[in-house]
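Enquirer: Shown below is the structure under consideration.
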Amino acid sequence: MIGFSKQDGGRRGGRYIFVVLATIISNYEKNIERNRVRFRKQFLKLTNQLRRNAKKREALLFLYFRAFGNRLFTERRFWVQESKDIGSFWEKTVALWKEDSLWLENFRMSRGTFDFVCHKISGNLLRQDTTFRKAISVEKRFAICLWHLATGEDFRSLAWRFGVGKSTACEIVNDVCEAIVDVLLSTVLKWPTGGALRTVLDGFPQIWGFSQFTDVNIKWPGKVHDARILANSGIFRKAEAGLLFPDITVNISGRGVMYHAVVLIGDPACPLLPWLMKRYTNNGNLSQDQKNFNYRLSRARQVVECAFGRLKNRYRCLLSKSYTCLDYLPTKVAACCVLHNICEMRADSLPDMLPIANNDETVNVAVQIDNANAEVIRDSLREYFKTN
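In the working numbering, the protein residues as written are 976 to 1363.
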C-alpha cells in the first residue's frame, strides 16, 4: 500500500487528505504471467502425450526443451542493451570520408587497400543474420580490428566507439587477425626464391629501401636472448642445411677462394657464421679498415631498422606493453606484418615516420662462438670494401 498526504491550502487548513492506492500490476507483468500459464499447460499436454505414446518420447522431449524449456521460468526483457547498439562512428562518421588521407591517418591504409583485404578475408568472417538481430558486416569487423591495431585502443573504448559489446570487440579482433593469417600469410609473407630473390639481390645495393618482411619468428618471450631465438628458428635450420640461399658464389679480394655472395646481416648479439655477418667488436683497438667495414654493415642494417620502424609506426599496438592473451598474441603480431606488407606493396605510405635508432654499439654478449670460416669471409669483405 502507498500513502500520500496533502495539506489543504483553502479554508479547511490543517486538514489532511490521505489517499490510499492499491498496487497495480503492469501490463507487461500480466503478459508474462499469461505466457507462463500457457506454457505450463503445453508442458502438461506434452507430458500426457509422452505417457500415452512412448515411441515419440525422444522427439517430444527435443521439441519441449527447444521451444518451451527456458520460457517456463524466465522471460528475456531485451536482447541487447539499448545504449550498446547506437554506435555512429562507423555508420555516420567514416561513411563520410572521401579522401584517402583520412583513411591513411586513422586506419593506416587507403580505402582501396581496405576493400582489397575485405574481399580476401570475407569468406572467413561472413556471419548470418538471426531472428534477434542482424550480423555485423565484414567491413565493420575489419574496421574494428584495424582501429585497435593502428591505435592500440583498449577494448572498452573500442566497444563504445563502434557500438558493440566489449567481449564482442575482443572476439572480432581475434577472429579478423586469425582470418588474415590463414588467408594471406602464405602469399604475402614468404622467403624469396628464384626470380624474386634475384630482384632483391640486384636492387638492394642501389635502392637500400626495402621495408617488407619475408619471414617472422614469433612466440618467444621478450626476455629470451636474440641468439637463442635465432638458433631455434626455421631460418637457422635452413641456412645450416644450405637450403636458405641458392649456390651463388663469387671470388672476393682476389684470393682465389669462392665464398657465398648472399649473407644475412645480424646485430652484435648474433653469432658470426658463413651465412650471417656481424660487425667487429669495438674494443677500442679497431683498425681503420675494420671501422670502415662496421660503417658499411651498419648502413645495410639501417634497412632492417627502417622496416621495424615503419611497422611500429603503422600499427601502434606494437609500441607499448600488450595485454593480449599469449594464445592470441603471435597471431596478432603476424597479422600486423601481413597487413604492413600489403600496404607497402600497394604504396600506402605514411607521413609521420618514427625516428630510426641505431643500436649497433649496444653491448650484448652472444651466446654462441663465432665460426672460424666466417671470420675469413668477414676479413675478405673488409678487404673488398677498401676499394669498392
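For every residue, glycine included, the Cβ atom is placed at its ideal position computed from N, Cα and C.
Can you tell me the Cα-Cα spacing of residue 1361 and residue 1264, whole angstroms?
Expert: If I take the Cα positions, the gap works out to 7 Å.
Enquirer: Residue range of the alpha helix (DSSP H) that residue 1098 falls in?
Expert: From DSSP, the alpha helix (DSSP H) with residue 1098 extends over 1086 to 1100.
Enquirer: Look up residue 1294 in the DSSP assignment and say whether it is helix, strand or coil.
Expert: It is coil, neither helix nor strand.
Enquirer: Can you tell me the Cβ-Cβ gap for residue 1074 and residue 1093, rounded? I've got them flagged as a contact below 8 Å.
Expert: With 8 Å as the limit, residue 1074 and residue 1093 do not qualify as a contact, their Cβ atoms being about 19 Å apart.
Enquirer: If you measure between the beta carbons of residue 1143 and residue 1134, is that distance less than 8 Å?
Expert: The answer is yes: Cβ separation under 8 Å.
Enquirer: Tell me the rounded alpha-carbon separation between residue 1320 and residue 1187.
Expert: About 8 Å.
Enquirer: Tell me whether the beta-carbon of residue 1272 lies closer than 8 Å to the beta-carbon of residue 1289.
Expert: Contact flag unset, no.
Enquirer: Where does residue 1060 land, buried or exposed, given buried means 16+ other C-beta within 10 angstroms?
Expert: Here residue 1060 scores only 48 on pLDDT, less than 50, and its place in the model should not be relied on; the value that follows carries that caveat. Its Cβ having fewer than 16 others within 10 Å, residue 1060 is exposed.
Enquirer: If we ignore side chains and look at the alpha-carbon of each, how far apart do residue 1206 and residue 1150 end up?
Expert: Roughly 31 Å between the two C-alpha positions.
Enquirer: Which residues share a DSSP beta bridge with residue 1240?
Expert: According to DSSP, residue 1240 bridges with 1252.
Enquirer: What three-state label does DSSP hand residue 1187 in the structure shown?
Expert: Three-state DSSP puts residue 1187 in coil, outside helix and strand.
Enquirer: DSSP three-state call for residue 1145: helix, strand or coil?
Expert: Correct three-state label for residue 1145: helix.
Enquirer: Quick one: grab the DSSP three-state call for residue 1258.
Expert: Here residue 1258 sits in coil by DSSP.
Enquirer: Is the distance from the Cβ of residue 1193 to the Cβ of residue 1309 below 8 Å?
Expert: Result yes, Cβ atoms of residue 1193 and residue 1309 sit closer than 8 Å.
Enquirer: Let's test the definition: count the other Cβ atoms within 10 Å of the Cβ of residue 1199 and tell me whether it reaches 16, buried, or not, exposed.
Expert: Exposed, by the Cβ-count rule.
Enquirer: Pairs of beta-carbons, one from the region 1095 to 1108 and one from the region 1119 to 1127, closer than 8 Å: are there three or more?
Expert: They do not touch, by the three-pair rule.
Enquirer: Can you list, in chain order, the residues of its chain whose CB lies under 6 Å from that of residue 1201, leaving out five sequence neighbours each side?
Expert: Taken in chain order, the residues that qualify are 1244.
Enquirer: Mark residue 1138 as exposed unless 16 or more other C-beta atoms lie within 10 angstroms of its C-beta, in which case mark it buried.
Expert: Classification of residue 1138: buried, given that the 10 Å Cβ count is 16 or more.
Enquirer: Can you list, in chain order, the residues of its chain with a C-beta nearer than 8 Å to that of residue 1086? Leave out the 5 residues immediately preceding and following it.
Expert: Here the set comprises 1072, 1075, 1078.
Enquirer: What did DSSP end up calling residue 1073 once you bin it into helix, strand or coil?
Expert: If DSSP states are grouped into helix, strand and coil, residue 1073 belongs with coil.
Enquirer: Within 10 angstroms of its Cβ, does residue 1269 collect 16 or more other Cβ (buried), or is it exposed?
Expert: Buried is the call here.
Enquirer: Are at least three pairs of beta-carbons, each pair with one atom in the region 1344 to 1355 and one in the region 1238 to 1252, less than 8 Å apart?
Expert: These segments touch.
Enquirer: By DSSP, does residue 1166 sit in helix, in strand, or in coil?
Expert: Three-state result, residue 1166: coil.
Enquirer: Please tell me whether residue 1124 and residue 1300 are closer than 8 Å, where the distance is taken between their beta carbons.
Expert: In this structure, residue 1300 does not lie closer than 8 Å to residue 1124 by Cβ.
Enquirer: Around the C-beta of residue 1214, are 16 or more other C-beta atoms found within 10 angstroms, so that it is buried, or is it exposed?
Expert: By the 10 Å Cβ count, residue 1214 comes out buried.
Enquirer: Can you grab the Cα-Cα spacing for the pair residue 1210 / residue 1136, in whole Å?
Expert: Residue 1210 and residue 1136: Cα-Cα distance of roughly 41 Å.
Enquirer: DSSP three-state label for residue 1208, please.
Expert: The answer is coil: DSSP assigns residue 1208 none of H, G, I, E or B.
Enquirer: Applying the 10 Å Cβ sphere with the 16-neighbour rule, what's the burial state of residue 1316?
Expert: Looking at its Cβ environment, which holds 16 or more other Cβ atoms inside 10 Å, residue 1316 is buried.
Enquirer: In its own chain, which residues sit with a C-beta less than 6 Å from the C-beta of residue 1175, not counting the 5 before and 5 after it?
Expert: Excluding sequence neighbours, residue 1175 sits near 1167.
Enquirer: In its own chain, which residues sit with a C-beta less than 7 Å from the C-beta of residue 1195, not counting the 5 before and 5 after it?
Expert: For residue 1195, where only same-chain residues beyond five positions count, the Cβ hits under 7 Å are 1204.
Enquirer: Given a cut-off of 8 Å on the beta-carbon distance, is the pair residue 1313 and residue 1163 in contact?
Expert: Yes.
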